[in-house]
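Residue numbers for the sequence shown follow this note's numbering, beginning at 1 and rising by one.
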Amino acid sequence: MKSRLQWTRTTLATCLVSIFTIVGPPATGQESQSTAEPATKNAATPEKQSDTRREFSTPKEDPKLPNVLLIGDSISIAYTLPVRERLSREANVWRPAANCGPTTRGVANLDAWLGDRHWDVIHFNFGLHDLRWMPVKSSAGDDGQSEEAPQVSLKDYEENLRKIVTRLKKTGATLIWCETTPVPDKSDHRIQGDEENYNAVAAKVMQEMGDIRTDDLHDFAKSNAQQLPANVHYTPAGSEQLADHVTASIRSALVLHAEAAK
1 MKSRLQWTRT TLATCLVSIF TIVGPPATGQ ESQSTAEPAT KNAATPEKQS DTRREFSTPK
61 EDPKLPNVLL IGDSISIAYT LPVRERLSRE ANVWRPAANC GPTTRGVANL DAWLGDRHWD
121 VIHFNFGLHD LRWMPVKSSA GDDGQSEEAP QVSLKDYEEN LRKIVTRLKK TGATLIWCET
181 TPVPDKSDHR IQGDEENYNA VAAKVMQEMG DIRTDDLHDF AKSNAQQLPA NVHYTPAGSE
241 QLADHVTASI RSALVLHAEA AK
């Protein structure tokens, strides 16, 4: 009897171990929290390349179609899929699997974003992250207080843009500079109207470096697109409006590029 009881206990324990192994331990709130993505990301930290958002997916490439590259921040991420859909029979539309952020990130990552693919048209923007005000340590004393300044100054912004354009020109693609979209009043860490100063510097760079088209997305967005209150981002309908405008800009460049290639 004792032997049979021991056998029963042993068998039951073995079954429980097997079930626990197959199913695994129950998830705990602490474990879920430790593996979750942080709610906010520092503007200087690149997006993880493993990001699986649909906007970062590889398009269904047609080797007969020209290749278009979108480079930009979250504004461009939001209009990537609509632009890709609108141009599905005219071009393969790609973008880096990242928020391209400020010009400093562009200078550091541009070679990787371009890769070895042949590009016919490149539509690019930097600005909203450059003009974002960030804490900087005060040099006035040792009181530990901090001040704020744009993440990238206008002077450095101009220098970085020149480096970026120089590299982009080497691709032989038709280049489209896309103006930075409006900064509304009470935007977090941004000052309304700063984008106009950065756009003015960018316009100077594009004119001096020559042979670069401009997408006047700033003026279009200011008059037409539905923007969120006190926020640089747009409603889904607003992003669709931006996509219409960007698509038209790219279509025009594709025609120009095809004619130049004849």
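Backbone N, C-alpha and C define an ideal beta-carbon position, used for all residues, glycine too.
Roughly how far, in whole angstroms, is the beta-carbon of residue i from the beta-carbon of residue j, given that I think they are within contact range, below 8 Å?
{"i": "Glu147", "j": "Val205", "result": "Between Val205 and Glu147 the Cβ distance is about 28 Å, and since that is not below 8 Å, they are no contact."}
{"i": "Lys130", "j": "Val152", "result": "Per the sequence shown, the amino acid found at residue 130 is Asp instead of Lys. Contact flag correct, Cβ pair sits at about 4 Å."}
{"i": "Ile77", "j": "Glu61", "result": "Rounded, the Cβ-Cβ distance is 20 Å, inconsistent with contact."}
{"i": "Ile122", "j": "Ala173", "result": "5 Å"}
{"i": "Thr180", "j": "Gly127", "result": "3 Å"}
{"i": "Asn160", "j": "Arg117", "result": "At roughly 23 Å, the Cβ-Cβ gap does not stay under 8 Å, so Asn160 and Arg117 are not in contact."}
Taking only the alpha-carbon atoms, compute the straight-line gap between residue i and residue j and give it to the nearest angstrom.
{"i": "Asn42", "j": "Ala225", "result": "Because Asn42 carries a pLDDT of 34, less than 50, the predicted location of this residue cannot be relied on, and the following value inherits that uncertainty. So the alpha carbons of these two residues sit roughly 27 Å apart."}
{"i": "Ala253", "j": "Ile176", "result": "8 Å"}
{"i": "Ala258", "j": "Asp216", "result": "22 Å"}
{"i": "Ala36", "j": "Ser187", "result": "Bear in mind that a pLDDT of 31 at Ala36, under 50, signals an unreliable position, so the number given afterwards is only what the model happens to contain. Spanning the two alpha carbons is a distance of roughly 27 Å."}
{"i": "Thr40", "j": "Ala260", "result": "Legend: pLDDT at Thr40 = 31, less than 50; position of this residue unreliable, value from coordinates given subsequently. Going from the Cα of Thr40 to the Cα of Ala260 covers about 44 Å."}
{"i": "Thr166", "j": "Gly115", "result": "16 Å"}
{"i": "Ser211", "j": "Asp111", "result": "The question names Ser, but residue 211 is Asp in the sequence shown. Those two C-alpha atoms are separated by around 21 Å."}
{"i": "Ala248", "j": "Thr214", "result": "12 Å"}
{"i": "Ala108", "j": "Gly193", "result": "27 Å"}
Near residue i, which residues of its chain fall below 6 Å by C-beta distance, leaving aside the five closest residues on each side in sequence?
{"i": "Leu242", "result": "Tyr79 and Ala225"}
{"i": "Arg95", "result": "Leu70 and Thr80"}
{"i": "Phe220", "result": "His245"}
With distances taken between CB atoms, is the gap from residue i to residue j smaller than 8 Å?
{"i": "Asn125", "j": "Leu154", "result": "no"}
{"i": "Leu70", "j": "Val83", "result": "yes"}
{"i": "Asp185", "j": "Ala230", "result": "yes"}
{"i": "Ile164", "j": "Thr103", "result": "yes"}
{"i": "His189", "j": "Arg132", "result": "yes"}
{"i": "Gly72", "j": "Cys178", "result": "yes"}
Spatial neighbours of residue i within its chain, please: CB distance less than 7 Å, with the 5 preceding and 5 following residues excluded, ordered by chain position.
{"i": "Lys222", "result": "Pro182"}
{"i": "Lys137", "result": "Ser146"}
{"i": "Leu256", "result": "Thr174"}
{"i": "Pro59", "result": "Arg84, Asn92, Val93 and Trp94"}
For residue i, which residues in the same chain have their Cβ closer than 8 Å to its Cβ, ignoring the five residues on either side in sequence?
{"i": "Arg251", "result": "Leu87 and Glu90"}
Secondary structure, beta strand (DSSP E): runs of 3+ residues fully inside the region 154 to 222 | 174 to 178 and 213 to 215
Could you name each continuous beta strand (DSSP E) segment of 3 residues or more that falls completely within the region 61 to 102, going from the start of the chain to the end?
-> 67 to 71 and 92 to 94
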